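Protein chains in written order, with the working numbering: chain C, 512 to 830; chain F, 6 to 298. The beta carbon of each residue, even a glycine, is placed where N, CA and C say it ideally should be. All values reported here derive from a predicted model rather than from experimental measurement. This report concerns only the one structure given below.
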């Protein structure tokens, strides 16, 4: 029976390859019904807003957001952005925030995945506890960390004072110098579990025989990791790092609730800055222009993201 | 050769132990990093407001009290009334989103997995790419759109938005599951006289139950924790979901840290329980696509 179906499959494929696109579309018209609901919803809520954002970026729209009264200003919004000092400050913050958070979340996640790869009593419980920060609401987590970092009664400050490392509790999130590192420590706390989950799954694809063979041949633990385990993790690592980078780049809740971008813009990143321009100061045009720039950056990242995600599929098909 | 093996084994044992100890210490540190904030939340939530604000702090509460929880869960005072309403709003929005997401994502994921229609690749890239864009880019036009549709200050605005923004990942997760269900099963059913739809409904759907569960949890947790859209679209106090409601509430009572910690705990509880119960499906679905190649 399997040969019969395979033959039928093959003949179908040959037939579709011969006919034109229109005819193919017609042949498969019923298939579109399955994706139609998804497409309709996404067109309304995603495609339309993208178009609108681009349009608004060329206009000055009054704070009331009365679209009738908008004035065409060409590229003025864009040049305003590039001339402002805040732009460069915020860009540097975004870069540091994304890079450092991604690197540390990945390294800690990899470490935890490797350390938990060995079977021992309580492993499941430990793994579950480590994942919790990633599951809970970022808003709840932000309040927890706000309390921990509290400048008078925060527990970290109290420990530092108790150990004699500081005279008085330091201002973690109220001072320009320490706010970004403090927020990154919190952000990594929330994100390393994601890397851990992905890499744990990746570790299961490493063939046991290879590791054992390497051991028999006298490879050290480090050599086995570097020459056997790590190459097998490359695919999943690429995807994980990209996803981490994208989600860090797009962070909003943590900086917004913890500091609102302050003090003096020291913890503003692109997303919070755009939000404040739009809904805080009602500068819709500038905020939209920012969004378009962001969109372009993300499209570049997205190119690599799609390539990383589909590269394997193509290989699989070729084989 | 045979005499070599034990020699090698003794030589490699010590470095292995070194790494093993390194791993243990690392895990203990990670456990502290992860658990200390959560433990401190729990300990603070059972203190009185006065006990929470002392220096040096009471490491263990002198007089543990559940007063904060009582206050939040008591419908007769205004705090409890608000909190329970926020909780109910969150539950309603998350459940509605989850049900709709499954209804829309299941056929779409099935089509992406099985059919070879023109435009399929393009659509799939579009679906993947959506995952990259932050909510803020869409916020202004969506706000205009919701105003146009008269949905500002309704739960409908949130459900529609969460549905759309959850869909790409939901479809991606489910597609991984359908890819693993052998096509031959459906073909056999169709040879036995089932239509394509019957084969889908009777053969594929039951087999993909774990995938659907995973997708449902993902949608639910996503909707439960969402903040930006709720923060922007909702203004009326009786409509707020938990993340926004808690923020609004505690911006007025900035010093009630035990109350804030108790609220954070109650808000985290449903998703953590849901996750722990069903984590097997969830983790599998999340990693399915990423490790396959």
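Residue i and residue j closer than 8 Å at C-beta
i: residue 572 (chain C); j: residue 746 (chain C); result: no
i: residue 61 (chain F); j: residue 656 (chain C); result: no
i: residue 640 (chain C); j: residue 40 (chain F); result: yes
i: residue 272 (chain F); j: residue 245 (chain F); result: no
i: residue 141 (chain F); j: residue 612 (chain C); result: no
i: residue 642 (chain C); j: residue 708 (chain C); result: yes
i: residue 216 (chain F); j: residue 167 (chain F); result: no
i: residue 664 (chain C); j: residue 57 (chain F); result: yes
i: residue 211 (chain F); j: residue 54 (chain F); result: no
i: residue 205 (chain F); j: residue 115 (chain F); result: yes
i: residue 106 (chain F); j: residue 172 (chain F); result: yes
i: residue 691 (chain C); j: residue 764 (chain C); result: no
i: residue 238 (chain F); j: residue 145 (chain F); result: no
i: residue 743 (chain C); j: residue 716 (chain C); result: yes
i: residue 782 (chain C); j: residue 758 (chain C); result: no
i: residue 270 (chain F); j: residue 280 (chain F); result: no
i: residue 277 (chain F); j: residue 739 (chain C); result: no
i: residue 568 (chain C); j: residue 778 (chain C); result: no
i: residue 844 (chain C); j: residue 609 (chain C); result: Nothing in the structure corresponds to residue 844 (chain C), since chain C is present only between 512 and 830.
i: residue 268 (chain F); j: residue 97 (chain F); result: no
Nearest-angstrom Cα separation, counted from residue j out to residue i
i: residue 818 (chain C); j: residue 602 (chain C); result: 26 Å
i: residue 16 (chain F); j: residue 28 (chain F); result: Low confidence applies to residue 16 (chain F): its pLDDT is 48, below 50, so where it sits in the model is not reliable enough to give any reading.
i: residue 650 (chain C); j: residue 274 (chain F); result: 13 Å
i: residue 103 (chain F); j: residue 175 (chain F); result: 10 Å
i: residue 100 (chain F); j: residue 83 (chain F); result: 26 Å
i: residue 576 (chain C); j: residue 148 (chain F); result: 10 Å
i: residue 545 (chain C); j: residue 220 (chain F); result: 17 Å
i: residue 260 (chain F); j: residue 266 (chain F); result: 11 Å
i: residue 92 (chain F); j: residue 251 (chain F); result: 10 Å
i: residue 624 (chain C); j: residue 557 (chain C); result: 36 Å
i: residue 289 (chain F); j: residue 243 (chain F); result: 38 Å
i: residue 653 (chain C); j: residue 701 (chain C); result: 10 Å
i: residue 531 (chain C); j: residue 538 (chain C); result: 10 Å
i: residue 725 (chain C); j: residue 605 (chain C); result: 43 Å
i: residue 686 (chain C); j: residue 26 (chain F); result: 38 Å
i: residue 630 (chain C); j: residue 32 (chain F); result: 13 Å
i: residue 806 (chain C); j: residue 784 (chain C); result: 15 Å
i: residue 191 (chain F); j: residue 74 (chain F); result: 53 Å
i: residue 755 (chain C); j: residue 809 (chain C); result: 13 Å
i: residue 214 (chain F); j: residue 644 (chain C); result: 27 Å
i: residue 64 (chain F); j: residue 224 (chain F); result: 38 Å
i: residue 771 (chain C); j: residue 635 (chain C); result: 37 Å
i: residue 720 (chain C); j: residue 728 (chain C); result: 12 Å
i: residue 672 (chain C); j: residue 596 (chain C); result: 38 Å
i: residue 76 (chain F); j: residue 249 (chain F); result: 19 Å
i: residue 195 (chain F); j: residue 121 (chain F); result: 18 Å
i: residue 186 (chain F); j: residue 123 (chain F); result: 23 Å
i: residue 714 (chain C); j: residue 579 (chain C); result: 57 Å
i: residue 46 (chain F); j: residue 560 (chain C); result: 39 Å
i: residue 44 (chain F); j: residue 768 (chain C); result: 21 Å
i: residue 188 (chain F); j: residue 159 (chain F); result: 43 Å
i: residue 681 (chain C); j: residue 699 (chain C); result: 21 Å
Bridge partner(s) assigned by DSSP for residue i
i: residue 571 (chain C); result: C:582
Neighbourhood of residue i by C-beta distance below 7 Å, restricted to the same chain and skipping five residues each side
i: residue 891 (chain C); result: Absent from the structure is residue 891 (chain C), since the part of chain C shown begins at 512 and ends at 830.
i: residue 522 (chain C); result: Residue placement at residue 522 (chain C) is poorly supported in this model, since its pLDDT is 48, which falls under 50; the coordinates still yield a value, given next. Result list for residue 522 (chain C): empty, nothing under 7 Å.
i: residue 752 (chain C); result: 613 and 617
i: residue 155 (chain F); result: none
i: residue 582 (chain C); result: 570 and 571
i: residue 585 (chain C); result: 569
Proximal residues to residue i (C-beta, below 6 Å), its chain only, five neighbours per side dropped
i: residue 638 (chain C); result: 627
i: residue 706 (chain C); result: 616, 617, 620 and 751
i: residue 180 (chain F); result: 114, 117 and 118
i: residue 72 (chain F); result: none
Sequence-distant residues of the same chain with beta carbon closer than 8 Å to residue i, five excluded per side
i: residue 67 (chain F); result: 56
i: residue 564 (chain C); result: 799, 802, 803 and 806
heavy atom of the ligand ADP below 7 Å from residue i C-beta
i: residue 195 (chain F); result: The model depicted lacks the ligand ADP and carries no ligand whatsoever.
**OP:** Using a Cβ-Cβ cut-off of less than 8 Å, list which residues of the stretch 228-239 of chain F approach chain C; keep chain order.
**Re:** 229, 230, 232, 233 and 237
**OP:** Below 8 Å between beta carbons is the criterion; list the residues of the stretch 636-649 of chain C that meet it against any residue of chain F, in chain order.
**Re:** 637, 639, 640, 641, 642, 643, 644, 646, 647, 648 and 649
**OP:** Could you please tell me which residues of the stretch 60-77 of chain F, in chain order, have their CB closer than 7 Å to any CB of chain C?
**Re:** 60, 61 and 62
Original post:
At a Cβ cut of 7 Å, what residues of the stretch 261-281 of chain F count as close to chain C, listed as they run along the chain?
Top reply: Legend: CB atoms of the stretch 261-281 of chain F lying less than 7 Å from CB atoms of chain C belong to residues 262, 265, 266, 269, 272, 273, 276, 277, 280 and 281.
**OP:** Would you list, in chain order, the members of the stretch 787-813 of chain C that have their beta-carbon closer than 7 Å to a beta-carbon of chain F?
**Re:** 789, 790, 795, 798, 799, 802, 805, 806, 809, 812 and 813
**OP:** Report the residues of the stretch 670-693 of chain C with a CB closer than 8 Å to any CB of chain F, ordered along the chain.
**Re:** 672, 673 and 680
Subject >> Contact set between the stretch 42-55 of chain F and chain C, restricted to residues whose Cβ is under 8 Å from the partner >> reply: For the stretch 42-55 of chain F, the residues whose beta carbon sits under 8 Å from a beta carbon of chain C are, in order, 42, 43, 45, 46 and 49.
**OP:** Output, in sequence order along the chain, the residues in the stretch 579-592 of chain C whose CB is closer than 8 Å to any CB in chain F.
**Re:** If you check each beta-carbon in the stretch 579-592 of chain C against every beta-carbon of chain F, none falls closer than 8 Å.
**OP:** Give, in chain order, every residue of the stretch 146-172 of chain F whose Cβ lies closer than 9 Å to some Cβ of chain C.
**Re:** 146, 147, 148, 149, 150, 152, 165, 166, 168, 169, 170 and 172
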